[in-house]
Amino acid sequence: MYSDKVMEHFNNPRNVGEIENPDAVGEVGNPVCGDIMKLFLKIEDNIITDIKFKTFGCGAAVATSSMVTELAQGKDLESALEITNETVAEALDGLPSQKMHCSNLAAEALQEAIEDYRSAGDDTEESENQKGQETKKTVEAK
Ligand code: FES
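Per the numbering used here, the sequence shown starts with residue 46, numbered consecutively.
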């Protein structure tokens, strides 16, 4: 059974969509089911100022994606990197154990996006082409 919070975020997901000219993008796929999440970030002075997502997945994936955007919005990158799938599941008052793998998508996509941003920032002079470049990663199956 899903918690009321999961149902609420599934029915009214926050921050759905795409950001034009994002500072970072993270995309992950879930090998257990084939679902995909894409996350877009705007970052100013090390703070996540805007965040949006697109998830092609189950209800739990949509709810966890929505929750991760709420948790990460306004956070500095270091704090955002501390958001794990357990953090997201707890914020949703829990997920059924067989759906915990769904929460990996959201947390991993956030980490991917931040890593994307940081690696692009390593060589800023020539990174214009790389800015917002997508990274793809497969979430570890549990
Ligand atoms: Fe695919 Fe939930 S069943 S993310």
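Glycine included, each C-beta is placed from N, C-alpha and C at the ideal position.
field: Opposing strand residues paired with GLU53 [DSSP bridges]
entry: Taking the sequence shown and counting its residues from 1, the one referred to as residue 53 is at position 8. In DSSP, GLU53 forms no bridge with anything.
message: Are there any heavy atoms of ligand 1 lying less than 7 Å away from the beta-carbon of ALA106, as far as the coordinates show?
response: On the sequence shown, position 61 is the one that residue 106 refers to. Yes - ligand 1 has a heavy atom lying nearer than 7 Å to the Cβ of ALA106.
field: The alpha helix (DSSP H) enclosing ASP161, as first and last residue numbers
entry: Here the question's residue 161 lines up with position 116 in the sequence shown. Element bounds for ASP161: 145-166.
- request: Would you mind reading off the limits of the alpha helix (DSSP H) that contains THR100?
  value: Mapped onto the sequence shown, residue 100 falls at position 55. Looking at the DSSP string, THR100 is not in any alpha helix (DSSP H); the run it does join, the beta strand (DSSP E), is 92-101.
task: Say yes only if the C-beta of CYS75 is nearer than 7 Å to one or more non-hydrogen atoms of ligand 1, and no if none qualify.
output: Here residue 75 refers to the residue found at position 30 of the sequence shown. The sequence given here has Asn at residue 75, not Cys. Yes, the Cβ of ASN75 comes within 7 Å of a heavy atom of ligand 1.
message: Whole angstroms are fine: how far does the CA of LYS83 sit from the CA of ALA154?
response: The residue given as residue 154 occupies position 109 in the sequence shown. The residue given as residue 83 occupies position 38 in the sequence shown. Whole-angstrom Cα-Cα distance: 7 Å.
field: C-beta atoms of ALA158 and THR129 nearer than 8 Å
entry: Residue 158 sits at position 113 when you count from the first residue of the sequence shown. Residue 129 sits at position 84 when you count from the first residue of the sequence shown. No, Cβ-Cβ distance for ALA158 and THR129 is not below 8 Å.
field: Assumed close pair ILE88, TYR162 - CB separation to whole angstroms, cut-off 8 Å
entry: Start at 1 with the first residue of the sequence shown, and residue 88 comes out as number 43. Start at 1 with the first residue of the sequence shown, and residue 162 comes out as number 117. Between TYR162 and ILE88 the Cβ distance is about 6 Å, and since that is below 8 Å, they are a contact.
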